[in-house]
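Engineer: The following block contains the structure, expressed as structure tokens.
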Ligand code: UGA
């Protein structure tokens, strides 16, 4: 099929690359010329395991990038809209990018002959595709949804760091469509995937995305709260989680206690659901508690570090990790960033190391912190080490170069039983 993908950020680019790998002809569209150029050179601006290899194979063959949305829509049968829907300060989602994309897609549709399907992949609050996107498309194109063009909602469930794998082998494919013709085309598009497709209406598909992210975030805040209790009574939270996870109804996933969740999805999606619930007159008590626990966890971590080190003022603090999780260079809503801000407030001398995210952190912290080239450099001469991102390499840290061997772990990266005797180790909630 001929596919255009509007928005070449993380979701758009993985979607485009994934469909191109399946043999479809794909055009990525973006308003940022550096993104377009980088894709056409086969060198993505984001780091994602396996993405470079796919781009090397498909760029110049059946995938290209362009700034010309109009031409891309005219040359394709399906357009995926994958632009960002960030949080506003009050927690609601910002729809201006998706509205503008829909308007432009609509204008192109107005000039197009034949049936074209528009698929919303951006995460949007239930009702948005039908109540906001559809009228924009109809007005700009002068055509009627379901007749002149098809409309569908196909949420993404890609984890950063595993996005290529998740695209190839998804746990589920959810498609909400306003008409059976669009559903039929999307069923054919996804027929080559090893997973069944769940057909829904538009707003159910939108809600499945929010409910899934909110539930996973709830699991994390739940285990963090349980962990805080476990720690204060001397129980190992990770053993508790292991025991809980043996129950098929609970599963062992997303029960890793620590400094809390970050990233561009969980914090934003839970906040928007809270906002929407309130608009509807519903008190979102559980979701608010999820955010509350998550906000507090990095502060508990700093408190613990302060207690261990005496004071943090003037101390050399080695921060291991900056990304919101391992396997990515993304620092959006990273608990590590909140922790570094707190450390700077405490007037600590921060030396940070992250195998991928230092460049992005430099945009936030500039020269206010030192960026070490390796974990050994980061730890050398440090008064205290804080582990804040789950990078696999942090499982084998050598603390011998530290001035004082105090280690506070926010991600349970170390095997307590195998630590050298002179390491003063403490986990945040175990
Ligand atoms: C998440 C979802 O897992 C994806 O299914 C979804 O598609 C995506 O959001 C999205 O909406 O786009 P992602 O943000 O990449 O994916 O990251 P996760 O692997 O889910 O981790 C999120 C955060 O939770 C990280 O900060 C991670 O360190 C933390 N986490 C995760 C825990 O603290 N404990 C856990 O047990 C699991």
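In our numbering, the protein residues as written are 420 to 849.
Every residue gets a Cβ at the ideal spot worked out from N, C-alpha and C, and that includes glycine.
Which class does residue 498 belong to by DSSP, given the choice of helix, strand or coil?
Structural biologist: Residue numbering aside, residue 498 sits at position 79 when the chain shown is read from its first letter. In the structure shown, residue 498 sits in a strand (DSSP, three-state: E or B).
Engineer: Rounded to the nearest angstrom, what separates residue 856 and residue 440 at their Cα positions?
Structural biologist: Within the shown structure, residues of the chain are numbered from 420 to 849, placing residue 856 beyond reach of any answer.
Engineer: Can you list, in chain order, the residues of its chain with a C-beta nearer than 8 Å to that of residue 469? Leave out the 5 residues immediately preceding and following it.
Structural biologist: On the chain shown, residue 469 is found 50 positions in, with the first residue counted as 1. For residue 469, where only same-chain residues beyond five positions count, the Cβ hits under 8 Å are 583 and 584.
Engineer: If you measure from the CB of residue 649, is any heavy atom of ligand 1 nearer than 7 Å?
Structural biologist: Position 230 of the chain shown, counted from the first residue, corresponds to residue 649. Incorrect: residue 649 has no Cβ contact closer than 7 Å to ligand 1.
Engineer: Unbroken alpha helix (DSSP H) runs of length 4 or more, entirely within the region 448 to 493: which are they?
Structural biologist: If we require 4 residues or more, the alpha helix (DSSP H) runs fully inside the region 448 to 493 come out as 452 to 459, 470 to 477 and 488 to 493.
Engineer: Using alpha carbons as the reference points, say which of 754, 564 and 498 lies closest to residue 424.
Structural biologist: In the chain shown, the residue the question calls residue 424 occupies position 5. It is 498.
Engineer: Please give me, in chain order, every unbroken run of the alpha helix (DSSP H) with length at least 4 that falls completely inside the region 723 to 768.
Structural biologist: Within the region 723 to 768, the complete alpha helix (DSSP H) runs of at least 4 residues are 754 to 764.
Engineer: In this structure, what does DSSP give as the bridge partners for residue 419?
Structural biologist: Here the chain covers residues 420 to 849 and nothing more, so residue 419 does not appear.
Engineer: For residue 792, count neighbouring Cβ atoms within 10 angstroms of its own Cβ and tell me buried if that reaches 16, exposed if not.
Structural biologist: As a first step, residue 792 must be located in the chain shown, where it is residue number 373. Under this definition residue 792 is an exposed residue.
Engineer: For a test of the three-state rule: what should DSSP assign to residue 570, helix, strand or coil?
Structural biologist: By 1-based counting over the chain shown, the position of residue 570 is 151. Residue state, collapsed to three classes: strand.
Engineer: In the DSSP assignment, what are the bridge partners of residue 837?
Structural biologist: Position 418 of the chain shown holds residue 837. Paired residues: none, contrary to the question.
Engineer: How about residue 775 and residue 796: are their beta carbons less than 8 Å apart?
Structural biologist: Numbered from its first residue, the chain shown carries residue 775 at position 356. Numbered from its first residue, the chain shown carries residue 796 at position 377. Their beta carbons are not under 8 Å apart, which means residue 775 does not touch residue 796 by this criterion.
Engineer: With residue 516 as the anchor, note down where its alpha helix (DSSP H) starts and where it stops.
Structural biologist: Residue 516 sits at position 97 when you count from the first residue of the chain shown. Start and end: 515 to 529.
Engineer: Using a threshold of 7 Å, is the CB atom of residue 501 nearer than that to any non-hydrogen atom of ligand 1?
Structural biologist: As a position in the chain shown, residue 501 is number 82, starting the count at 1. No, ligand 1 has no heavy atom inside 7 Å of this Cβ.
Engineer: Can you tell me whether residue 772 is helix, strand or coil according to DSSP?
Structural biologist: Taking the first residue of the chain shown as 1, we reach residue 772 at position 353. In this structure, residue 772 counts as strand in the three-state DSSP scheme.
Engineer: Does the Cβ of residue 824 have 16 or more other Cβ atoms within 10 Å, making it buried, or fewer, making it exposed?
Structural biologist: Sequence index remark: in the chain shown, residue 824 carries index 405 (1-based). It is buried - the Cβ of residue 824 has at least 16 other Cβ atoms within 10 Å.
Engineer: Quick check on residue 575: does DSSP put it in helix, strand or coil?
Structural biologist: As a working mapping, residue 575 is identified with position 156 in the chain shown. Residue 575 falls in the coil class under three-state DSSP.
Engineer: Relative to the C-alpha of residue 401, which candidate in 694, 539 and 481 has its C-alpha closest?
Structural biologist: Lying outside 420 to 849, the shown extent of the chain, residue 401 is not represented and no answer is given.
Engineer: Smallest Cα separation from residue 445: which of 682, 460 and 437?
Structural biologist: Working through the chain shown from its first residue, we reach residue 445 at position 26. For the residues 682, 460 and 437, the minimum Cα distance to residue 445 belongs to 437.
Engineer: On the CB-based measure, 16 or more other CB atoms within 10 Å of its CB, does residue 605 come out buried or exposed?
Structural biologist: Locating residue 605 in the chain shown gives position 186, where the first residue counts as 1. Result: buried.
Engineer: For the pair the region 797 to 809 and the region 720 to 736, tell me if three or more CB-CB distances fall below 8 Å.
Structural biologist: Yes: at least three Cβ pairs fall under 8 Å.
Engineer: Output the distance between the C-alpha atoms of residue 607 and residue 590, rounded to the nearest integer angstrom.
Structural biologist: Translated into positions along the chain shown, residue 607 becomes position 188. Translated into positions along the chain shown, residue 590 becomes position 171. Spanning the two alpha carbons is a distance of roughly 18 Å.
Engineer: Rounded to the nearest angstrom, what separates residue 708 and residue 637 at their Cα positions?
Structural biologist: Indexing the chain shown from 1 puts residue 708 at position 289. Indexing the chain shown from 1 puts residue 637 at position 218. C-alpha separation (whole angstroms): 9 Å.
Engineer: Can you list, in chain order, the residues of its chain whose CB lies under 6 Å from that of residue 671, leaving out five sequence neighbours each side?
Structural biologist: Walking along the chain shown from the start, residue 671 turns up at place 252. Result list for residue 671: 664, in chain order.
Engineer: Given this structure, state the Cα-to-Cα distance separating residue 473 from residue 592, to the nearest angstrom.
Structural biologist: Indexing the chain shown from 1 puts residue 473 at position 54. Indexing the chain shown from 1 puts residue 592 at position 173. One C-alpha to the other measures close to 21 Å.
Engineer: In whole angstroms, what is the alpha-carbon distance linking residue 511 and residue 656?
Structural biologist: Here residue 511 refers to the residue found at position 92 when the chain shown is read from its first residue. Here residue 656 refers to the residue found at position 237 when the chain shown is read from its first residue. Taking the straight line from one Cα to the other gives about 34 Å.
Engineer: Could you tell me the distance, in whole angstroms, from the CA atom of residue 490 to the CA atom of residue 527?
Structural biologist: Working through the chain shown from its first residue, we reach residue 490 at position 71. Working through the chain shown from its first residue, we reach residue 527 at position 108. Residue 490 and residue 527: Cα-Cα distance of roughly 8 Å.
Engineer: Would you grab the beta carbon distance between residue 523 and residue 482 for me? Rounded to a whole angstrom, and I think it's under 8 Å.
Structural biologist: Residue numbering aside, residue 523 sits at position 104 when the chain shown is read from its first letter. Residue numbering aside, residue 482 sits at position 63 when the chain shown is read from its first letter. Contact doesn't hold; Cβ gap of about 21 Å is too wide.
Engineer: At a threshold of 7 Å, does residue 779 count as lining ligand 1 (C-beta to nearest heavy atom)?
Structural biologist: Start at 1 with the first residue of the chain shown, and residue 779 comes out as number 360. False, no ligand heavy atom lies under 7 Å from that Cβ.
Engineer: Label residue 603 either buried or exposed according to how many other C-beta atoms from any shown protein chain fall within 10 Å of its C-beta, with 16 as the threshold for buried.
Structural biologist: Counting from one through the chain shown, the residue named residue 603 turns up at place 184. Exposed, because fewer than 16 other Cβ atoms sit within 10 Å of the Cβ of residue 603.
Engineer: Taking DSSP as the reference, what is the three-state secondary structure of residue 421?
Structural biologist: The count along the chain shown starts at 1 and reaches residue 421 at position 2. It is a strand residue.
Engineer: Where does residue 846 fall in DSSP's three states?
Structural biologist: Counted from its first residue, the chain shown places residue 846 at position 427. Three-state result, residue 846: strand.
Engineer: As a quick exercise: from 521, 563 and 457, pick the residue whose alpha carbon is nearest that of residue 547.
Structural biologist: Working through the chain shown from its first residue, we reach residue 547 at position 128. Here the closest residue by C-alpha is 521.
Engineer: For the alpha helix (DSSP H) that contains residue 555, what are its first and last residues?
Structural biologist: By one-based count along the chain shown, residue 555 stands at place 136. That run of the alpha helix (DSSP H) goes 553 to 560.
Engineer: How would you write the range of the beta strand (DSSP E) that residue 828 sits in, first residue to last?
Structural biologist: The residue you call residue 828 lines up with position 409 of the chain shown. Counting along the chain, the beta strand (DSSP E) containing residue 828 begins and ends at 825 to 828.
Engineer: Which residue's Cα is closest to the Cα of residue 610: 420, 702, 694 and 771?
Structural biologist: Translated into positions along the chain shown, residue 610 becomes position 191. Answer by Cα proximity: 420.
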